[in-house]
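The structure under discussion appears below in the form of structure tokens.
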Amino acid sequence: MTKSISLVLGANRATLSGPRSKQHRIRQNAKAFAGRLREAGFGVRKWTNISNKHFAAVARQMKDHGVGDGRIAEIFSAARHLCETYGNTRISPTNDVFGVKRGTIANANSKAVAPEFVLGAIAKLEAESSYEHGPRCAAQIRLQYELGLRREESAKVDLINDWDKEGRTLNIQYGPKGGRPRTLHNLSDRQQDALKRALPYVSQSDRPGIHNLMPSGMGDKWQEKLSYAARLCGFTKKESGWTLHSNRHERFHHMYVEHTGFQPPNQHDSVEAFQKAARDTAGDEWPRLDAEARDDIEVTAGHSPGRRDVSNAYLGSSR
Numbered sequence: 001m002t003k004s005i006s007l008v009l010g011a012n013r014a015t016l017s018g019p020r021s022k023q024h025r026i027r028q029n030a031k032a033f034a035g036r037l038r039e040a041g042f043g044v045r046k047w048t049n050i051s052n053k054h055f056a057a058v059a060r061q062m063k064d065h066g067v068g069d070g071r072i073a074e075i076f077s078a079a080r081h082l083c084e085t086y087g088n089t090r091i092s093p094t095n096d097v098f099g100v101k102r103g104t105i106a107n108a109n110s111k112a113v114a115p116e117f118v119l120g121a122i123a124k125l126e127a128e129s130s131y132e133h134g135p136r137c138a139a140q141i142r143l144q145y146e147l148g149l150r151r152e153e154s155a156k157v158d159l160i161n162d163w164d165k166e167g168r169t170l171n172i173q174y175g176p177k178g179g180r181p182r183t184l185h186n187l188s189d190r191q192q193d194a195l196k197r198a199l200p201y202v203s204q205s206d207r208p209g210i211h212n213l214m215p216s217g218m219g220d221k222w223q224e225k226l227s228y229a230a231r232l233c234g235f236t237k238k239e240s241g242w243t244l245h246s247n248r249h250e251r252f253h254h255m256y257v258e259h260t261g262f263q264p265p266n267q268h269d270s271v272e273a274f275q276k277a278a279r280d281t282a283g284d285e286w287p288r289l290d291a292e293a294r295d296d297i298e299v300t301a302g303h304s305p306g307r308r309d310v311s312n313a314y315l316g317s318s319r
């Protein structure tokens, strides 16, 4: 393990060129390569000692774990960059020799919900007279759709203390994955409206000073009530092909298009088709726009910029 860590630290010490966001992505992906290499049973101390056999081993290890060719190619690009930075030019310039093919899109099938469906489902729950929690559930689903909140986050968000209406920010500190809080900035009018609509359903939780959308005293059993509401309006994989998590996919799909002006990879048949469409729209600026959008989405999702495995899961791989 020590040897692999030394390889990772070498990535941190390397002097890289280009924008800081690009340098960060290279280092993050180089660390991922080093971790995969360790899992494959290799302990290499220096980037100068990396060879094609190590790349091949990482490719096999990642494929065995179901990782798509697009993500493997992204990690290889960073590792190759680090090798070259340290003077190691022995690595194959193409990935074909490692069994990594071009033309496929990691996570190619979009899981983003159709806006007209989710808005219809919300309207149905708002008017649902046979289920007392219908309107409350509608407010929570709207938060998931407009802000990209996870299911638990949308139930536990403290609108009284953590929503700054004038500053247009929302602090997410209850229910985030891994316990990592984050703040959403520059909330749009639609997002502000979604938060405003949720205010009537805020109740005092069992924890003093914390206000959220779960009825008082119900706690995590509320999730069962939300699941029932989802079934009522057809928001299930079996009924419509979408789940409540599809709201999060659509939010990040929307963010990507809004920033770049073109559709993400998982809206195209291949990487080549995506890159052609992106270039037709934005010219040679498309890689920069793609990277900026992904960094923003990864942070909004509750991760660090440069986590391309995260944005690939929502958008598909662009390379």
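Residue numbering for the sequence shown follows UniProt numbering, beginning at 1 and increasing consecutively.
Even for Gly, the Cβ is constructed at its ideal location relative to N, Cα and C.
Predicted model only: the values in this text are computed from it and were never measured.
Under the three-state DSSP convention, the category residue i falls into
i      : result
Leu244 : coil
Thr183 : strand
Asn212 : strand
Ser227 : helix
Ser203 : strand
Ala108 : coil
Leu9   : Only weak support exists for where Leu9 lies, its pLDDT of 46 falling under 50; the value from the coordinates is given anyway. Here Leu9 sits in helix by DSSP.
Ser154 : helix
His303 : coil
Ile91  : coil
Asn239 : One detail in the question is off: residue 239 reads as Glu in this sequence, not Asn. Coil.
Gly99  : coil
Leu16  : coil
Phe42  : coil
Met255 : helix
Arg319 : coil
Gly217 : coil
Gly35  : helix
Gly283 : helix
Residue burial classification, residue i (beta-carbon count within 10 angstroms, cutoff 16)
i      : result
Asp295 : buried
Glu166 : exposed
Ile26  : buried
Ile160 : exposed
Lys276 : exposed
Lys101 : exposed
Met1   : Confidence at Met1 is low in this model, with a pLDDT of 36, below 50, so the placement of that residue is unreliable and no value is reported for it.
Asn109 : exposed
Val58  : buried
Val97  : exposed
Ala73  : buried
Gly43  : exposed
Leu9   : Low per-residue confidence applies at Leu9: pLDDT is 46, beneath 50, and the placement is therefore not dependable enough to give any value.
Arg231 : exposed
Thr94  : exposed
His65  : exposed
Thr260 : buried
Gly68  : buried
Ser4   : Interpretation of Ser4 is limited by its pLDDT of 41, a score under 50 that renders its predicted location unreliable; the figure taken from the coordinates is listed afterwards. Result: buried.
Ser318 : buried
Ile297 : buried
Strand pairing of residue i, partner residues [DSSP]
i      : result
Ile172 : Arg182
His268 : According to DSSP, His268 bridges with nothing at all.
Trp163 : Leu170
Span of the alpha helix (DSSP H), counted from its first residue to its last, around residue i
i      : result
His54  : 52 to 64
Leu143 : 134 to 147
Leu125 : 115 to 126
Gly70  : 69 to 85
Gln263 : Neither: Gln263 is in no alpha helix (DSSP H) and is coded neither H nor E.
Asp189 : 189 to 198
Arg308 : 308 to 315
Pro287 : 286 to 300
is_contact[residue i, chain D] using C-beta, thresh 9 Å
i      : result
Lys156 : The structure shown contains no chain D, having only a single protein chain.
Heavy atom of the ligand SAH within 8 Å of residue i beta-carbon
i      : result
Phe252 : Ligands displayed in this structure: none; no statement on the ligand SAH is therefore possible.
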